[in-house]
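What follows is a short report on a single structure.
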């Protein structure tokens, strides 16, 4: 069974994206962070003392790196 090149490219792109997300979520060694982060979103909910949920046009800027997401 042969697959079209477009399907193979999509599978490789999905696998690469999954790998990147996996490595982004793996915790590294604990380090003190001196810099301040900025968070902008349409809606922000604080979940007790240990979390928050930001939704809608989420932008986080930390040490010159910009992260955007919908949630």
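In the working numbering, the protein residues as written are 2 to 72.
For every residue, glycine included, the Cβ atom is placed at its ideal position computed from N, Cα and C.
What did DSSP end up calling residue 69 once you bin it into helix, strand or coil?
-> Residue numbering aside, residue 69 sits at position 68 when the chain shown is read from its first letter. Residue 69: strand per DSSP, three-state reduction.
Would you grab the beta carbon distance between residue 42 and residue 64 for me? Rounded to a whole angstrom, and I think it's under 8 Å.
-> For the purposes of this step, residue 42 is identified with residue 41 of the chain shown, where counting begins at 1. For the purposes of this step, residue 64 is identified with residue 63 of the chain shown, where counting begins at 1. Not quite, the Cβ-Cβ distance comes to about 19 Å (not below 8 Å), so this is no contact.
Consult DSSP for residue 78 and reduce its assignment to one of helix, strand or coil.
-> Outside the shown range of the chain (2 to 72) lies residue 78, about which nothing can therefore be said.
Return the CA-CA distance between residue 38 and residue 66, expressed in angstroms with no decimal places.
-> Walking along the chain shown from the start, residue 38 turns up at place 37. Walking along the chain shown from the start, residue 66 turns up at place 65. Roughly 10 Å separates the two Cα atoms.
How many angstroms separate the CA atom of residue 69 from the CA atom of residue 5?
-> Residue 69 sits at position 68 when you count from the first residue of the chain shown. Residue 5 sits at position 4 when you count from the first residue of the chain shown. Their backbone Cα atoms lie some 33 Å apart in a straight line.
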